[in-house]
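Participant: Start counting the sequence shown at 161; every next residue gets the next number (our numbering). Glycine residues also receive a C-beta, built at the ideal position from the N, C-alpha and C atoms. As the structure is a computational prediction, the values presented were derived from the model and not from experiment. The following block contains the structure, expressed as structure tokens.
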Amino acid sequence: MTHPQQPGTLAVHQPTPITPATVMPAPVVAVQPGSIPAVASIVLPDGRVITGYAISPAQPEPVAPKPPVSRAAVNIALGGVGFLAVCGGLLLLTSFITALTVLVTQLIILAAVIFGGWIAVQVFSAKGHEGGTTVHIRKAIFKRNHFHG
Numbered sequence: 161m162t163h164p165q166q167p168g169t170l171a172v173h174q175p176t177p178i179t180p181a182t183v184m185p186a187p188v189v190a191v192q193p194g195s196i197p198a199v200a201s202i203v204l205p206d207g208r209v210i211t212g213y214a215i216s217p218a219q220p221e222p223v224a225p226k227p228p229v230s231r232a233a234v235n236i237a238l239g240g241v242g243f244l245a246v247c248g249g250l251l252l253l254t255s256f257i258t259a260l261t262v263l264v265t266q267l268i269i270l271a272a273v274i275f276g277g278w279i280a281v282q283v284f285s286a287k288g289h290e291g292g293t294t295v296h297i298r299k300a301i302f303k304r305n306h307f308h309g
């Protein structure tokens with residue numbers, strides 16, 4: 161693309177001065193009695209005076225104070241406490257089951273010892289048979305579950 165001016169020539173543009181606008185009277189604003197806003201005047205560097213009502217800046221909505229600890233951190237901490245409570249409960253439960261197993265095992269062993277002792281006393285007692293006769297058999301024949309002496 162070619163430039164319409166020759167290289168080395170500069171085009172100087174002079175800005176057009178803006179004429180000051182004529183000062184118009186400010187419109188009358190209906191104001192309720194007792195709440196007259198303050199009028200502020202500002203003097204610009206070129207000597208002009210601007211007068212108007214002071215506008216209070218828009219107040220941002222109050223921000224709720226943030227807690228010193230975030231909610232996520234609190235939730236994680238509570239979850240950890242709950243997990244520890246559950247682990248403690250499970251530890252107690254397993255300890256209880258272990259103790260119950262040992263107790264049942266000891267009761268079975270005790271019952272076997274007592275019952276076995278009772279059987280031993282019955283077998284090895286010297287009383288013999290009460291009310292019957294004692295027969296000493298030297299040669300005996302057993303045929304079809306019958307005794308032949």
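Considering residue 255, what are the terminal residues of the alpha helix (DSSP H) in which it resides?
Facilitator: Here the alpha helix (DSSP H) through residue 255 covers 231-283.
Participant: Please state the DSSP three-state secondary structure of residue 178.
Facilitator: Reduced to three states, the DSSP call for residue 178 is coil.
Participant: Would a C-beta distance cut-off of 7 Å place residue 216 and residue 209 closer than the cut-off?
Facilitator: No, these two residues do not count as a Cβ contact at 7 Å.
Participant: For my contact list, residue 199 and residue 213 are in at a C-beta cut-off of 8 Å; report their separation, rounded to the angstrom.
Facilitator: That pair is a contact at about 6 Å.
Participant: Have a look at the DSSP bridge pairing and note the partners of residue 201.
Facilitator: Per DSSP, 211.
Participant: To the nearest angstrom, report how far apart residue 256 and residue 285 are at their CA atoms.
Facilitator: Answer to the nearest angstrom: the Cα atoms are 43 Å apart.
Participant: Please report the straight-line C-alpha distance between residue 207 and residue 218, rounded to a whole angstrom.
Facilitator: The straight-line gap from Cα to Cα measures roughly 30 Å.
Participant: Kindly list the residues whose CB is nearer than 6 Å to the CB of residue 131, restricted to its own chain and excluding five residues on each side of it in sequence; keep chain order.
Facilitator: Lying outside 161 to 309, the shown extent of the chain, residue 131 is not represented and no answer is given.
Participant: Roughly how many whole angstroms lie between the Cα atoms of residue 283 and residue 271?
Facilitator: So the alpha carbons of these two residues sit roughly 18 Å apart.
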